[in-house]
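Just so we're aligned: the sequence shown equals residues 6 to 120 in this note's numbering.
Down below is the structure, laid out as structure tokens.
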Amino acid sequence: MSILRNLFKWQKGRQKTGYEKMLLAGAIWPIKFDFYLLRFPEGCEVPPHTDNVKNGRHYRLNIVLKQAKSGGEFICKSPIYCSKRIKFFRPDICEHSVTKVISGNRYLLSIGWVR
């Protein structure tokens, strides 16, 4: 099973822009979800995009553990909730991005689910 094979291993992010992700937990039943630790090193950025799903509504809650010294700001056109540390949004319908990390590293916990 790919969930078990990928647990606790750093992998390149889907956008191929330099960020890395470590799967901490995930399931496909009864609710499909994933729980990642994300690392954004100096120089990486994520361009504007949406994350399509085949069925249902995709939700994501990002909790910023460590902000970059400069850059690495989350941009979302219409979040459900957004504060300095908490980002809650619909990645399937809301375009989102991360500005270039100029200095330092950015870390966050990312929990996503499809209903």
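Virtual Cβ for every residue (Gly too), placed ideally from N, Cα, C.
Item                                                                                          : Value
Identity of the residues DSSP links to F13 by a beta bridge                                   : For F13, which the question treats as bridged, DSSP gives no partner whatsoever.
Secondary structure, beta strand (DSSP E): runs of 3+ residues fully inside the region 68-103 : 79-81, 91-94 and 101-103
Limits of the beta strand (DSSP E) - the one that W118 falls within                           : R111 to V119
Three CB pairs or more closer than 8 Å across the region 59-67 and the region 12-30           : no
Residues bridged to V51 [DSSP beta-bridge criterion]                                          : V103
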